[in-house]
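Read in our numbering, the sequence shown has -8 at position 9, and its numbers run on one by one without any break.
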Amino acid sequence: MSELTYPEVGATRSGPLPAGYHHLRHRFALPTGSFPAAAEAVLGWRLHRVAGVRMRTDAVRAAPGVRVTPGLGVGPLRVWGPCEVVWVVDGDREAGFGYGTLPGHPERGEEAFLVRRDDDGTVSFAVTAFSRPDRWFMTAAGPAGRAVQHGYARWLAHTLRRLTR
C-alpha cells in the first residue's frame, strides 16, 4: 500500500475523517429485505457498472489490495482514477469496501461504499469520503467538483435502489 497518495489509510472505516480534506457523508434508505442483493451489488462492482462507471479491474469482487480504476465521463472526456481497495467488510449486517487513491488519480483521499442492516431490519447504503484535489483541473473545478461528488453519491444510491427492488 505504499503507493497510496495519502497517509490516513482506512479512515473511512475506522474513525473520524481527517482534517485538511473535503468530507462527504451520505446515507440512503434501501428497500426492506434488500441487504443480500445490495451487498453483492456493491462488493461485485455491479452497482458502479450499472450506474455507468467503467471499472477496470481483474478481480470479480472487492478485496484488500485489489486495484481498480473507475472511469467517469464519456469517450475522450472520461477521467480515470486508479485506486486500491484498503478495507472490506462482508458480513450478515454490513458489507462494503473503501478504496484509496493511487498516483494518477485526480484527487487524493479515500471513498467508501457500505450497506448496513440494522436490528429493526432497516437497510441503508452509505457513501463516505475524504478528498482534496491532486490535479489542476480538480482545483479549478472548486465547488462544482465537490457538487459532482455529492451528485455521484446520490446517483449510486438511486441505482442501488433500482437494483434491489
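Just so you know, even glycine gets a beta-carbon here, dropped at the ideal spot from N, CA and C.
Could you tell me which residues DSSP pairs with residue i in its beta bridges?
| i | result |
| --- | --- |
| E93 | G83 and F113 |
| L99 | The question names Leu, but residue 99 in the sequence shown is Arg. Answer is E77 and S107, bridged to R99. |
| E67 | R50 and G83 |
When we look at the beta-carbon of residue i and count the other beta-carbons within 10 Å, is it buried (16 or more) or exposed?
| i | result |
| --- | --- |
| S114 | buried |
| L13 | buried |
| T111 | buried |
| V49 | buried |
| L60 | exposed |
| A140 | buried |
| T105 | exposed |
| G58 | exposed |
Taking the C-alpha atoms as reference points, what is the distance between residue i and residue j?
| i | j | result |
| --- | --- | --- |
| G54 | D103 | 37 Å |
| L143 | V71 | 18 Å |
| R91 | V25 | 22 Å |
| M121 | T15 | 38 Å |
| R100 | V36 | 26 Å |
| A22 | D117 | 31 Å |
| D73 | V62 | 29 Å |
| L7 | G64 | 18 Å |
How is the alpha helix (DSSP H) around residue i delimited, first residue to last?
| i | result |
| --- | --- |
| V25 | F18 to L26 |
| L0 | Counting along the chain, L0 falls outside any alpha helix (DSSP H), and DSSP gives it neither H nor E. |
Span of the beta strand (DSSP E) holding residue i?
| i | result |
| --- | --- |
| S118 | For clarity, residue 118 is Arg in the given sequence; the question names Ser instead. Neither: R118 is in no beta strand (DSSP E) and is coded neither H nor E. |
| T52 | R50 to L55 |
| H6 | H5 to L13 |
| R32 | Segment R29 to V33 is the alpha helix (DSSP H) holding R32; no beta strand (DSSP E) there. |
| R37 | R37 to R39 |
Pull up the CB-CB distance for residue i and residue j, whole angstroms please, since I reckon it's below 8 Å.
| i | j | result |
| --- | --- | --- |
| R129 | H5 | 6 Å |
| L85 | E(-14) | 5 Å |
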